[in-house]
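J.: First residue of the sequence shown: 68, per the working numbering; consecutive thereafter. Quick one: this structure, given as structure tokens, is what I'll be asking you about.
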Amino acid sequence: MLEELKREVYEANMELPRRGLVTFTWGNASGIDRGRGLFVIKPSGVEYEALRPEDLVVMDLEGKQAEGTLRPSSDARTHLELYREFPDIGGIVHTHSTHAVAWAQAGRDIPAYGTTHADYFHGPVPCARNLTAEEIDGDYEANTGRVIVETFRTRGINPVHVPAVICRSHGPFTWGRDAAQAAYHSVVLEEVAKMAMFTELIHPEAEPAPRRIQDRHFLRKHGPNAYYGQKESRG
68 MLEELKREVY EANMELPRRG LVTFTWGNAS GIDRGRGLFV IKPSGVEYEA LRPEDLVVMD
128 LEGKQAEGTL RPSSDARTHL ELYREFPDIG GIVHTHSTHA VAWAQAGRDI PAYGTTHADY
188 FHGPVPCARN LTAEEIDGDY EANTGRVIVE TFRTRGINPV HVPAVICRSH GPFTWGRDAA
248 QAAYHSVVLE EVAKMAMFTE LIHPEAEPAP RRIQDRHFLR KHGPNAYYGQ KESRG
């Protein structure tokens with residue numbers, strides 16, 4: 068079932084340790100087949116060196132396991148909430164990458180200090196609030212997804228224009244049109260988190276880039292008259 072999607076999700080998962088975003092098993096990637104209402108996700112706790120495409124788990128949008136003998140990632144219910152509420156996304160990645168986690172642990176949005184950030188994220192990358200005690204003690208992973216959705220809705224952020232979030236005291240989730248683009252955005256997020264940290268070390272009172280230049284850089288890649296790159300370019 069979904070063999071092509073499994074291969075795509077497997078490759079996205081393997082990209083994470085290749086890019087230095089995952090230590091041990093601290094991450095996962097998934098991808099969805101919207102037509103069939105099924106998504107594929109990494110199994111829980113399986114070392115990347117041992118992972119095979121056939122190990123991936125198939126879930127439905129009710130949270131039931133449709134295929135696979137291994138347990139799905141413990142973050143599967145977070146992915147499920149995002150797939151349910153953000154219908155334009157086709158893949159999700161979660162990591163504990165160092166610099167993005169540092170901003171999450173500080174409880175701060177990642178400011179858009181320059182054009183590298185603006186090329187991919189139209190505004191700051193938001194930091195979601197801490198979960199309440201009731202949310203932690205309840206369906207913790209699903210509530211993590213719900214708090215992410217709440218963050219985007221209450222702030223009026225388009226999840227297609229800002230394909231990333233950092234969860235306070237936890238870490239980043241990124242997404243995209245498929246699992247490969249979600250992994251790509253995870254790499255970009257870690258780089259801009261690092262750049263922002265260095266910016267504040269050099270100049271603690273630094274201001275975000277002017278909105279006009281942020282808009283220009285984002286729209287030249289993602290706007291209706293985008294002109295950056297070639298037609299099939301992912302970046």
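Where a beta carbon is used, it is the ideal one built from N, C-alpha and C, also for glycine.
Note down the Cα distance separating THR182 from ARG222, rounded to an integer number of angstroms.
T.: Roughly 22 Å separates the two Cα atoms.
J.: With respect to the beta strand (DSSP E) encompassing GLN132, which residues constitute its N-terminal and C-terminal limits?
T.: Where GLN132 is concerned, the enclosing beta strand (DSSP E) stretches over 132-134.
J.: Can you name the residues that DSSP bridges to PHE106?
T.: The partner list for PHE106 (beta bridge, DSSP) reads ILE99 and MET126.
J.: What are the boundary residues of the alpha helix (DSSP H) that PRO84 is part of?
T.: First-last of the alpha helix (DSSP H) with PRO84: 70-85.
J.: What beta strand (DSSP E) runs, 3 residues minimum, are completely inside the region 150-208?
T.: As far as the region 150-208 is concerned, its whole beta strand (DSSP E) runs of at least 3 residues are 158-162.
J.: To which residues of the same chain is HIS284 closer than 7 Å at the C-beta, ignoring the five residues directly before and after it?
T.: The answer, listed in chain order, is THR182, ALA185 and ASP186.
J.: Among ILE177, VAL124 and PRO84, which has the Cα closest to the Cα of VAL259?
T.: Checked all of ILE177, VAL124 and PRO84; the closest Cα to VAL259 is ILE177.
J.: Assuming LEU149 and GLY135 make a contact with CB atoms under 8 Å, what is their CB distance in whole Å?
T.: Not a contact, Cβ separation roughly 20 Å.
J.: Check whether the Cβ atoms of GLY130 and GLY243 lie closer than 8 Å to each other.
T.: Not in contact: GLY130 and GLY243 (Cβ atoms no closer than 8 Å).
J.: On the three-state DSSP scale, how would you describe PRO139?
T.: PRO139 falls in the strand class under three-state DSSP.
J.: Could you have a look at ILE215 and say whether DSSP puts it in helix, strand or coil?
T.: ILE215 falls in the helix class under three-state DSSP.
J.: Grab me the residues of ARG301's own chain with a C-beta within less than 8 Å of its C-beta, minus the 5 sequence neighbours each way, in chain order.
T.: Per-residue confidence for ARG301 stands at a pLDDT of 49, beneath the threshold of 50, marking its modelled position as unreliable; no derived number is given.
J.: Assign VAL232 to one of three DSSP states: helix, strand, or coil.
T.: VAL232: strand per DSSP, three-state reduction.
J.: From what residue to what residue does the beta strand (DSSP E) around ILE241 run?
T.: One detail in the question is off: residue 241 reads as Thr in this sequence, not Ile. Its beta strand (DSSP E) spans residues 238-243.
J.: Would you mind reading off the limits of the alpha helix (DSSP H) that contains LEU118?
T.: Where LEU118 is concerned, there is no enclosing alpha helix (DSSP H), given that its DSSP letter is neither H nor E.
J.: Look at GLN172 and SER236 and say whether their C-beta atoms are less than 8 Å apart.
T.: Closer than 8 Å, so yes.
J.: Quick check on this structure: which residue in VAL216, GLU114, HIS166 and ASP100 has the alpha carbon closest to the alpha carbon of TRP93?
T.: Measuring from the Cα of TRP93, the nearest candidate turns out to be GLU114.
J.: Just to confirm before moving on: does the CB-CB distance between ILE233 and CYS194 stay below 8 Å?
T.: In this structure, CYS194 lies closer than 8 Å to ILE233 by Cβ.
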